[in-house]
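J.:
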Amino acid sequence: MKQNKIDYYKAEIKKKVENRIDKGATTLFCLSGLFILAAIIGFFKLQDNPQVLAFVIPYLILGIIFLLLGEYSKKKPLMCFVSGLCLYIIAELYDISERPQASPLGIITIFIIIVFLVLGIKSAVEIEKIKKENNIS
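In the numbering used here, the protein residues as written are 24 to 160.
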């Protein structure tokens, strides 16, 4: 009876942990979609411009990287969320340096995405703590 309670408790904790990881991974998957969508829109907007690939390829690469981070976050959530946050900040800083006239909506969007990534990191830290406390792998 006591073992059943322990197993039930561990199963509940594991389900809670997986739920938090899925929420953080969703942020990374959404970022992937946004970068790929920006690449597609940029391609059709700039298709007559000879520099179109200089815009499209980096956005596609970022989209693929965020897709891989989202998928791998199920195994190593903290590493993936920190990497995603750093990569996103670097990409946005580069983008802002290229075109300094950012719109207020763009700045708000950047801020919201950074908040979601920080919340993912916070959840990943809590997950690591819960795993250590309950000997869950």
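Glycine is no exception: its CB is placed at the ideal position from the N, C-alpha and C atoms.
Here the structure is a predicted model, which means the values were calculated and not measured.
Look at Gly107 and Leu142 and say whether their C-beta atoms are less than 7 Å apart.
T.: Along the sequence shown, one-based indexing puts residue 107 at 84. Along the sequence shown, one-based indexing puts residue 142 at 119. The answer is no: Cβ separation not under 7 Å.
J.: Gly93 and Ile59 look like a contact to me (Cβ under 8 Å); what is the Cβ gap, rounded to whole Å?
T.: Stepping through the sequence shown from its first residue, residue 93 is reached at position 70. Stepping through the sequence shown from its first residue, residue 59 is reached at position 36. In fact, because the Cβ distance is near 12 Å, the residues do not count as touching under 8 Å.
J.: Tell me the DSSP secondary structure of Leu54 in three-state form.
T.: Here residue 54 refers to the residue found at position 31 when the sequence shown is read from its first residue. In the structure shown, Leu54 sits in a helix (DSSP, three-state: H, G or I).
J.: Return helix, strand or coil for Asn72, following the three-state DSSP convention.
T.: Counted from its first residue, the sequence shown places residue 72 at position 49. Three-state DSSP puts Asn72 in coil, outside helix and strand.
J.: Where does Arg122 sit, in a helix, a strand or coil, going by DSSP?
T.: Position 99 of the sequence shown, counting from 1, holds the residue named residue 122. It is coil, neither helix nor strand.
J.: DSSP state of Lys97, grouped into three classes?
T.: Translated into the one-based positions of the sequence shown, residue 97 becomes position 74. In the structure shown, Lys97 sits in coil (DSSP, three-state: anything other than H, G, I, E or B).
J.: Pick out whichever of Asp71, Ala62, Leu140 and Val148 has its Cα sitting closest to the Cα of Val79.
T.: In the sequence shown, residue 79 corresponds to position 56, counting from 1. Checking every option, the nearest Cα to that of Val79 belongs to Ala62.
J.: Note down, in chain order, each residue of its chain lying with its Cβ closer than 7 Å to the Cβ of Ser55, except the 5 sequence neighbours on either side.
T.: As a position in the sequence shown, residue 55 is number 32, starting the count at 1. If we look at Ser55 and ignore the five residues flanking it on each side, its Cβ neighbours are Gly86, Phe89, Leu90 and Gly93.
J.: Buried or exposed, going by whether 16 or more other CB atoms sit within 10 Å of the CB of Arg122?
T.: By 1-based counting over the sequence shown, the position of residue 122 is 99. Counting Cβ neighbours within 10 Å, Arg122 comes out exposed, since fewer than 16 surround it.
J.: Given that a residue counts as buried once 16 or more other Cβ atoms are within 10 Å of its Cβ, and exposed if not, what is Phe12?
T.: Nothing can be reported for residue 12: it is not among the residues displayed for the chain, which extend from 24 to 160.
J.: Start and end of the alpha helix (DSSP H) containing Asn158?
T.: Counting from 1 along the sequence shown, the entry for residue 158 is found at position 135. Membership of Asn158 in any alpha helix (DSSP H) is not indicated, and neither H nor E is assigned to it by DSSP.
J.: Under 8 Å Cβ to Cβ from Ile136, same chain only, skipping five residues before and after it: list those, please.
T.: Within the sequence shown, the letter at position 113 stands for residue 136. Within the same chain, Ile136 has close Cβ partners Thr50, Leu54 and Tyr111.
J.: Please report the distance separating the alpha-carbon of Lys38 from that of Asn27.
T.: In the sequence shown, the residue the question calls residue 38 occupies position 15. In the sequence shown, the residue the question calls residue 27 occupies position 4. Spanning the alpha carbons of Lys38 and Asn27 requires a straight line of approximately 16 Å.
J.: Residues in its own chain within less than 7 Å of Asn157 by CB, not counting five upstream and five downstream?
T.: Here the question's residue 157 lines up with position 134 in the sequence shown. Closer than 7 Å at the Cβ level, and outside the excluded window around Asn157, lie Lys33 and Ile36.
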